[in-house]
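J.: So the sequences go chain by chain: A and B. FYI, the numbering for the first sequence is 1 to 270, going by the working numbering. FYI, the numbering for the second sequence is 1 to 343, going by the working numbering.
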Amino acid sequence: MKSFMRGAWRVFELSLGEMLWSRRTVFLAIVVGCPVLVAAVIRIVDSIGVAPLRINGQRMDFTAIFGVMIWVLFLRFIVPVLGVFYGTSLIADEVEDKTITYLFTRPIRRGAVLFGKYLAYLVCTTLVVLPGVMLVYFLIVPFQQIGASFTMLLTDLGLLALGLAAYGGLFALVGAVMKRPLIVGLVFAFGWEQFALIMPGYVRRFTLMYYIQSLVPHAMPTEGVTSLLQAFFTNTPSTLTCLVSLAAAIAVSLALAGKAVERREYVLDQ
Amino acid sequence: MTKRTRLFVVIAAGILVAGLGTGLLASYMNIQTLTLIGGNGPEEFAYVPADAQILGFANVRAVMDSEVRRKLMELHPGADNADRFQERTGINITQDIDSVVAAVTPDVTDAQGPPLVLARGRFDQVRLEGFAREEGGVVEDYKGIRLITHDNFGVAFVEPGLVALGVPAAVRRAIDTKLAGSGNVTGNNELMQLVKQVDGGSVWGVARLDALTGMRIPAEVKDRLPAISWLSIKGVVGSGIDGVISAEARDDQAAQDLRQVVQGFVALGRMQAGPNHPEIADFLNSLQLTGQGKTVSLGFSIPSAMIDTLGALRAGRRPGQAQPSPAPSPEQAEPPQPAPPAL
Numbered sequence: 001m002k003s004f005m006r007g008a009w010r011v012f013e014l015s016l017g018e019m020l021w022s023r024r025t026v027f028l029a030i031v032v033g034c035p036v037l038v039a040a041v042i043r044i045v046d047s048i049g050v051a052p053l054r055i056n057g058q059r060m061d062f063t064a065i066f067g068v069m070i071w072v073l074f075l076r077f078i079v080p081v082l083g084v085f086y087g088t089s090l091i092a093d094e095v096e097d098k099t100i101t102y103l104f105t106r107p108i109r110r111g112a113v114l115f116g117k118y119l120a121y122l123v124c125t126t127l128v129v130l131p132g133v134m135l136v137y138f139l140i141v142p143f144q145q146i147g148a149s150f151t152m153l154l155t156d157l158g159l160l161a162l163g164l165a166a167y168g169g170l171f172a173l174v175g176a177v178m179k180r181p182l183i184v185g186l187v188f189a190f191g192w193e194q195f196a197l198i199m200p201g202y203v204r205r206f207t208l209m210y211y212i213q214s215l216v217p218h219a220m221p222t223e224g225v226t227s228l229l230q231a232f233f234t235n236t237p238s239t240l241t242c243l244v245s246l247a248a249a250i251a252v253s254l255a256l257a258g259k260a261v262e263r264r265e266y267v268l269d270q
Numbered sequence: 001m002t003k004r005t006r007l008f009v010v011i012a013a014g015i016l017v018a019g020l021g022t023g024l025l026a027s028y029m030n031i032q033t034l035t036l037i038g039g040n041g042p043e044e045f046a047y048v049p050a051d052a053q054i055l056g057f058a059n060v061r062a063v064m065d066s067e068v069r070r071k072l073m074e075l076h077p078g079a080d081n082a083d084r085f086q087e088r089t090g091i092n093i094t095q096d097i098d099s100v101v102a103a104v105t106p107d108v109t110d111a112q113g114p115p116l117v118l119a120r121g122r123f124d125q126v127r128l129e130g131f132a133r134e135e136g137g138v139v140e141d142y143k144g145i146r147l148i149t150h151d152n153f154g155v156a157f158v159e160p161g162l163v164a165l166g167v168p169a170a171v172r173r174a175i176d177t178k179l180a181g182s183g184n185v186t187g188n189n190e191l192m193q194l195v196k197q198v199d200g201g202s203v204w205g206v207a208r209l210d211a212l213t214g215m216r217i218p219a220e221v222k223d224r225l226p227a228i229s230w231l232s233i234k235g236v237v238g239s240g241i242d243g244v245i246s247a248e249a250r251d252d253q254a255a256q257d258l259r260q261v262v263q264g265f266v267a268l269g270r271m272q273a274g275p276n277h278p279e280i281a282d283f284l285n286s287l288q289l290t291g292q293g294k295t296v297s298l299g300f301s302i303p304s305a306m307i308d309t310l311g312a313l314r315a316g317r318r319p320g321q322a323q324p325s326p327a328p329s330p331e332q333a334e335p336p337q338p339a340p341p342a343l
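What follows is the structure, encoded as structure tokens:
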């Protein structure tokens, strides 16, 4: 176990720098930068005395705007997208670049390589996404409302980190066992999950978003038909159920991904 | 780890720590309770005791001058009994009253009487006293203030242009509260937090739900009330009505359940409204459900056009309702005579 962790740490150190300064990080910066930009525009518009957002003539509360941004931009889009793009590439990129041999010939277990890369993904994404959310919060929410809404921010930050961990783990498994993991990942995140959530019955229990959404402290936005159907058919599991389910999903995904990497024979195209 | 990677990690972690630190400090100091952020409600609060459980305010002037009121009066021309009231009391509701503050305190609940009402405006004290005496009222002097009582109702002219009405015990306590200079509702932080959220509306109200359940509500209904501790309503009346109904649930789970119930009803309403009822669909589309943690808020907007549509619908129904089915003529009422047999 000790040698596993030491190996994972070495891979983590190596991979973190690679991930942070890769082209994929530019995409990550753009994705996270957009909400910050939107928040800055909202702040500027408000400072000149114009209501930044109105729904049917009614001014929207700033805390509510922040809640909508967490729901629509971060939880429904940014977290799954980052999970898909980074998670599926943990092993697939090394295979594609034909550099996996260099890692697998080191005196460390293959599972430690995957775990170290997963840790690097988690640190890289959380260190970009969470400060981004923090900036959005301080730009949007007025200072006098911070005291009342701060516990919500803490919940949001924890939830985003948990979402990144869950999606990253699942797509690390997809990347380890499938040949075209990106397509499968996108279909899962934006096809299956969206479809299953609006279906009545037990189907939605086989999505990650079901458990993540149930933990969100903000009200679900009701702007679309999908949201309405979700609200109509939803039955919220308890917080403990959500946390246990997400932890189990992360543990099982990583264990299976590790096993797959240990056993699979990667054939590199010549 | 390279130097620039370390630098990035330090900067990102620094933003997180600084943000969390600021938030924690703001939360610890409870910054939102500082008075510099908002006013302490209407001046009439000086008369409202700190143990008030329900508070309401209406900017009567704004409501009376609004287009909504004008349209509603057109819809219900006979609904305004202002002329008769003015004739007897000398008070023209549409012109003489500027604002009204209402409060329910334990005195009111115990006496099962009307709430304490503080009305600001222009009043003819002599005429009002005369009217009260005619009705059998007794005029007394309470701590230098003229108080008229009749059965379970009292009126006091507490300031020039300000009258307090309600259960005599509640009116006396309001006078005591003002004279004491402390112990009024502005010291009730829990209630004032809610007031600050709704202050600014033409009409608003805040209530502790257990105060409502303490009133004469059947036990079966009480048991089925949602787990809500506070309720607030704010409305801005102008050419239309914009409003927000907020509730503070007892815990996060209760709030989440309540949000889902409301969302379910909204979804059901939209399905029911369909394309055949655009006026209802417009209203349902204006509903905006928000909230965090224990708070659930439902915003709504009734545009001027919707009131016009309702008026048109009502006007459309009237002819049908007004036209009684024509009475059958005597000729028609009698069955036709059988034709004589042909010879």
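Even for Gly, the Cβ is constructed at its ideal location relative to N, Cα and C.
Mind checking the segment 184-210 of chain A against chain B and listing, in chain order, the residues whose C-beta falls within less than 9 Å of any C-beta there?
T.: Cβ contacts with chain B: none found.
J.: To the nearest angstrom, how far is the alpha carbon of L116 (chain B) from that of R61 (chain B)?
T.: Looking at the two C-alpha atoms, the distance is approximately 20 Å.
J.: Locate the beta strand (DSSP E) running through I241 (chain B), then write down its first and last residues.
T.: Looking at the DSSP string, the run of the beta strand (DSSP E) that includes I241 (chain B) is 241-249.
J.: Do K117 (chain A) and S15 (chain A) have their C-beta atoms closer together than 9 Å?
T.: Contact: yes.
J.: Which class does L208 (chain A) belong to by DSSP, given the choice of helix, strand or coil?
T.: L208 (chain A): coil per DSSP, three-state reduction.
J.: Could you check the C-alpha separation between L139 (chain A) and P168 (chain B) for me, to the nearest Å?
T.: Cα to Cα, the separation comes out at about 51 Å.
J.: With a floor of 3 residues, list each beta strand (DSSP E) that falls wholly inside the segment 109-172 of chain B, ordered by position along the chain.
T.: Whole beta strand (DSSP E) segments, 3+ residues: 116-121, 138-142, 145-150, 153-159, 162-166.
J.: Distance cutoff 9 Å, beta carbons only. Does T186 (chain B) sit that close to anything in chain A?
T.: Chain A contact via Cβ: absent.
J.: Can you name, in chain order, every residue of its own chain whose Cβ lies under 6 Å from the Cβ of N285 (chain B), other than the five neighbours on each side?
T.: Excluding residues within five positions, none has a Cβ falling inside 6 Å.
J.: Quick one: which chain A residues come within Cβ less than 8 Å of I15 (chain B)?
T.: Those within 8 Å of I15 (chain B) in chain A are P131, M134, L135.
J.: In the DSSP assignment, the beta strand (DSSP E) including A102 (chain B) goes from what residue to what residue?
T.: 97-104 is the extent of the beta strand (DSSP E) around A102 (chain B).
J.: What distance in whole Å lies between the Cβ atoms of V185 (chain B) and S246 (chain B), which are believed to be in contact at a cut-off of 8 Å?
T.: The Cβ separation is near 19 Å, so there is no contact.
J.: So with CB distances below 8 Å, who are the chain A contacts of M192 (chain B)?
T.: The premise fails here: M192 (chain B) is roughly 14 Å from chain A at the closest Cβ pair, so nothing lies under 8 Å.
J.: Can you grab the Cα-Cα spacing for the pair S149 (chain A) / L287 (chain B), in whole Å?
T.: Rounded to the nearest angstrom, the two C-alpha atoms are 23 Å apart.
J.: In whole angstroms, what separates the C-alpha of L162 (chain B) from that of E140 (chain B)?
T.: Each residue's alpha carbon lies about 18 Å from the other.
J.: For a cutoff of 9 Å on Cβ pairs, would you count G17 (chain A) as touching chain B?
T.: Chain B, which has a Cβ nearer than 9 Å to the Cβ of G17 (chain A), makes this yes.
J.: Compare the Cα-Cα distances from G175 (chain A) to each of A:L162, A:S89, A:L114 and report the closest residue.
T.: Selected option, being the one with the closest Cα: A:S89.
J.: If you follow the alpha helix (DSSP H) that G115 (chain A) is part of, which residue opens it and which one closes it?
T.: Inspection of the sequence shows that residue 115 (chain A) is occupied by Phe rather than by Gly. Per DSSP, F115 (chain A) belongs to the alpha helix (DSSP H) from 110-140.
J.: When the cut-off is 9 Å and only beta carbons count, does Q32 (chain B) lie next to chain A?
T.: Because the pLDDT of Q32 (chain B) is 46, which lies under 50, any placement of that residue in the model is unreliable, and the number read from its coordinates should be weighed accordingly. Taking Cβ atoms only, chain A reaches closer than 9 Å to Q32 (chain B), which makes this a yes.
J.: Which of the residues in the segment 149-176 of chain A, read from start to end, lie with their CB under 9 Å from any CB of chain B?
T.: Taking 9 Å as the Cβ-Cβ cut-off against chain B, the residues of the segment 149-176 of chain A that qualify are S149, F150, T151, M152, L153, L154, T155, L157.
J.: Got a sec? Which residues, its chain only, sit under 7 Å from M64 (chain B) by beta carbon, not counting five neighbours each side?
T.: Only T94 meet the Cβ criterion.
J.: Under DSSP, the alpha helix (DSSP H) around G7 (chain A) begins and ends at which residues?
T.: Its alpha helix (DSSP H) spans residues 2-20.
J.: Nearest-angstrom Cα distance between A92 (chain A) and R6 (chain A)?
T.: Approximately 23 Å between the Cα atoms of the pair.
J.: For chain A, is any of its Cβ atoms less than 9 Å away from the one on T35 (chain B)?
T.: Low confidence applies here, because T35 (chain B) scores a pLDDT of 39, under 50, leaving its location unreliable; read the following figure in that light. Chain A, which has no Cβ nearer than 9 Å to the Cβ of T35 (chain B), makes this no.
J.: Check the Cβ-Cβ distances between R4 (chain B) and every residue of chain A, and say whether any is below 9 Å.
T.: Cβ-Cβ to chain A under 9 Å: yes for R4 (chain B).
J.: Within a Cβ cutoff of 6 Å, which residues of the same chain sit near G121 (chain B), ignoring the five residues on either side of it in sequence?
T.: D96, I97, D98.
J.: If we count Cβ pairs, one from each stretch, closer than 8 Å, do we get three or more for the segment 197-206 of chain A versus the segment 151-170 of chain A?
T.: Segments in contact, no.
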